[in-house]
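Written below as structure tokens is the structure these notes are about.
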RNA sequence: ACUCGGGUGGUGGAACUGGUAGACACGCAGGACUUAAAAUCCUGUUCGCAGUAAUGCGAGUGACGGUUCAAUUCCGUUCCCGAGUACCA
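Numbering (my numbering), first residue to last: 10 to 1128.
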């Protein structure tokens, strides 16, 4: 009986599906274990071999933990909001929901082929309204919470309001607060909310009319099209992650992340401790000396981590954007400063990164006074000082900071040396270990110690204070895109109002086009009826107010609704006739509403899907004033995309058929604009008055992924994001596996969200991931062919010539001439080359990616290549070396366009999922990045077949038996148990695979076919190769399913030996082995060793200096 | 530039706290079975030198140096590769 992996794997995958063996319950007496993978973005190109690496590792560990008696949660889902689907929609018009759905089903079928133990009942998708309802809900929690600095903890914002109302704050009294307008109060609160909105800079591309992400901007121009990009201020949402900087830092000590991962997060947070010092400013003009600024004691505040260098300050540098710049510029320097500012502005639009660092700057004409020695210090502006960090101003110490040094040299500013011989005048020395000189009261102190001394003095004088700074910025949380969670926010007269929880989810409406709004807003902005919720007065009231609805209130909107209702009751006979004909989708299958308010207007009939309005005009429409009004309203509605058709009462009475015909025609002419559900005008209104609009941005990709690990615990709950019982049971993710690319983004955000939810008492832990394992990237190994172009050949008919790699390389290096290549071409196609004029012909060789799947190692499979790309190379001529066409090789990122992707489906089809799983693990440590190479997969496949042959033989069939196992066999088994358990526990899956190979090799050698041994081996192996083990377990007739078998227990007694082969070194060099009983003591061993022939040979009759004997390890004889 | 990883046969990699460097596999070479192929099995495979051979000797974990009876492992200097950050005061 042969190992028919295709049949076996199909059989067991179906079996698992039918019996639901991977269903996980939230109730169990067993201890819990939560294994999580970073869920994938379902891209259009499907899985390649890089994706499953981490999934296989987590699957092995989950299955292992299950065998060890844990209730294991190992879910999978999809991070299905994101830009690629939207871009695809922009190009093809296909709705992102459609393509996403399609991609997910491809992903799922690919994942299932690998045999993962996911509980698909717990699958989640971030783009599913049932899911993003809760993303929006958590956003609302963030919106209505603030960070209490004294308690370092998230609290509901109403507690802050209460405090303001009763006690006021640093900046205002309770009375003042209570006197603030609603809008003023909201502005104050916005500065404390955890999710808040402010004006921020975005990359705006005029030509594309859209906002671009940072990575869509390359060298100052758009990646697509190369159009110029500029900074533009727009209202944006942010998360106040900076408030959590310290807790995010401290939390790192409580989790098991790799050192590099922790380091990356620490760097990103970038905490630095230093001081803010303020300096008095004076301006020196030709005519006078005066102080700057609106008040005489306007001061310049700088941030420094080195207050000890205060006497080495030779100049100040202020960021060009600094608010003081205009005030402190002297008349003499005004033009120079203006020129410099315009230069900086022009440059900020360009990408500064690419170019060599230039030293630029400009003197302002102002000075600060060193408070300790009264020295006047010039103030400069320069672009190397960033407005966004610290105070946007620095004190420059050229002898201690290389940038300051270069700046001083460039502008000939004299440099003060405060560190004596430690400074050589050639470059700055940033040491903290120098003894200070030229430093007044700090003289003679070690810089390290002087930091505190200086700081204390500064605080004592009241000119500065200790200050901790963070490099991390608040996280931008809005995107001007379509395919993301809509914000549950309504802007009313400039105040952000949250939706009520009952109104969630705020579903993403359908749009026609995915292009940006007029002002660069997201595509949602184009849906005026969805966006504009401004309540409107009734027509009667509007008659007296030209700009009526702008000042309307809830009351007025209610009146509009009431008015419409009234109109319905008081319908004219003609209106009724038309309604009877239109209702219930009788015309063109379209739904009509009657007397339905649109903004301020109440049309007689409207079909929202087709944006068609039908008006039945009574006699009073002949009135001039009414006509004016009708036209005005028609124009306004036209602007909103509505077309209006009008009929008179007479037409309805006399020619209803024609009227209906015309309506039908109008419906058919209009295209469908909205899905019915989206067009319902919301009835919300929570009134500050003024313009009421929905937020049109959507949330970024990381919104949904910041809390998904919680949803898996309780995925179907419609009452809450995750029941507290469920999150208490599953608690933290015990093992999280994923790539390093999310080191700072996703991981920091989800850590922050967890802390917020914890503080608000919604979950019981404040770090989401207990242990993080980083999987390496699997790179593609690209293959190249080299195509020869002959220029000026004057011959038109021949296939392309392809030259093998080594010849190409020699040509490139100039080792061979073009004549030699022409000669080679001549050999493969003599009649072609005879027509070429050697002297005039030029040679060009281009390197082309070739599909790795038609290359065997590095040798091109020529016949398959001819068929490749629909026969583009059918007539190619090959210039070979040693009869082979050798391809060029390079390691690159795996991508379709480079033809270096390897599809797991094909490997599963060819070798089976078990082989594929084990081979991915065998490739090397999970954490390591490595290029994919399919070559070695045969070895793993051979191993599985060898395993199979321990149970069955091709001819004889079943050969396993129930004989009693020998000691030697038990020894092999228990060595394996020990090693596999150790290796699996420490995620060393590659060595575990090799341990299995050793075990099977040894059992084969022992001709062991005993159930007693093999059964145990199957349990060990089932996490790695679940299909073949399930099948063989079944064949052995063992009880139950191998998935829940009890894990074999290692018995150390079986491995106890009485003797050991000791390696014997002489002077640390291995010379021989001696078998010794284990109980021996040093002296006994020495005696035996000295007897040894080889040792005696090396001793050459001299006594050894020393003999080192390490029990159970080795012996070293020192001569 | 800074921070963090990592350099081991022809290749992927192993050696977990200093103690037999190269496990396991790929590839390659030779052999068995076979008309042949596939499959399977066996032998060899770090390099150099000597030997028919068993074997012996020498070198060897990027380079140089140190600590140690003993270093891939610890320390110092240096080179190369990868990842992250980027004028952060």
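Idealized CB from N, CA, C, for every residue including glycine.
For the pair residue 167 and residue 910, the CB atoms are not nearer than the 8 Å cut-off. Runs of alpha helix (DSSP H) with 4 or more residues, each lying fully within the stretch 399-481, are found at 411-419, 456-470, listed in chain order. Note: residue 208 is bridge-paired with 244 in the DSSP secondary-structure output.
Look at the stretch 256-300 and you find these whole runs of alpha helix (DSSP H), each 4 residues long or longer: 268-278. Apart from sequence neighbours up to five positions away, the residues of its chain that approach residue 813 with a beta-carbon distance below 7 Å are 888, 889, 890, 894, 895, ordered along the chain. For the pair of segments examined, the stretch 733-745 was found to touch the stretch 28-41: the number of CB pairs separated by less than 8 Å reaches three.
Residue 931 sits in a helix when the DSSP states are folded into three classes.
Here residue 829 is exposed: its Cβ has fewer than 16 other Cβ atoms, across all protein chains shown, within 10 Å. Listed in chain order, the alpha helix (DSSP H) runs fully inside the stretch 107-179 are 138-152, 166-176, counting runs of at least 4 residues.
A distance of 8 Å or more separates the beta carbons of residue 1070 and residue 1090.
In this structure, residue 396 keeps its C-beta atom at 8 Å or more from the C-beta atom of residue 345. The alpha-carbon of residue 970 is positioned some 24 Å away from that of residue 16. Classified as buried, residue 324 has 16 or more neighbouring CB atoms from the shown chains inside 10 Å of its CB. Here the alpha carbons of residue 156 and residue 456 stand approximately 36 Å from one another. Beta-bridge pairing by DSSP links residue 80 to 41. Note: residue 1123 is bridge-paired with 1119 in the DSSP secondary-structure output. Burial of residue 256 is indicated by the presence of at least 16 other C-beta atoms within 10 angstroms of its C-beta.
Going by beta carbons, residue 1055 and residue 1087 fall outside the 8 Å limit.
Using a Cβ-Cβ distance cut-off of 8 Å, the stretch 702-710 and the stretch 484-493 are in contact, since at least three pairs of beta carbons, one from each stretch, lie closer than that value. In the displayed model, residue 1002 falls within a helix according to three-state DSSP. Secondary structure note for residue 853: its beta strand (DSSP E) is the uninterrupted segment 851-859. The beta-carbon distance between residue 349 and residue 390, rounded to whole angstroms, is 7 Å. This is short enough to meet the 8 Å contact definition. Within its own chain, the residues whose Cβ lies closer than 6 Å to the Cβ of residue 928, once the five positions on either side in sequence are excluded, are 946, 949, listed in chain order. A buried status is given to residue 481, since no fewer than 16 other beta-carbon atoms sit within 10 Å of its beta-carbon. CA-CA distance, residue 288 to residue 410, rounds to 20 Å. Under a 10 Å Cβ-count criterion, residue 448 is classified as buried, with 16 or more other Cβ atoms of the shown protein chains found around its own Cβ. Around the beta carbon of residue 722, a 10 Å sphere encloses 16 or more other beta carbons of the protein chains shown; the residue is thus reported as buried.
Spatial neighbours of residue 633 in its own chain (CB-CB distance under 6 Å, excluding positions within 5 residues in sequence) are not present.
Rounded to the nearest whole angstrom, the C-alpha separation of residue 620 and residue 530 is 23 Å. As computed with DSSP, residue 793 is found in a beta bridge with 858, 897. Counted as a single uninterrupted DSSP element, the beta strand (DSSP E) harbouring residue 784 occupies residues 781-784. By the criterion of a C-beta distance shorter than 7 Å, residue 431 is surrounded in its chain by 438, 440, 443, once the five residues flanking it on both sides are discounted. The straight-line gap separating the alpha-carbon atoms of residue 614 and residue 31 is approximately 55 Å. Taking a contact as a CB-CB distance under 8 Å, the pair residue 877 and residue 854 does not count as one, their CB atoms being some 19 Å apart. Within the DSSP bridge table, the entry for residue 387 names 376 as partners. Taking the CA atoms as reference points, residue 217 sits about 17 Å from residue 243.
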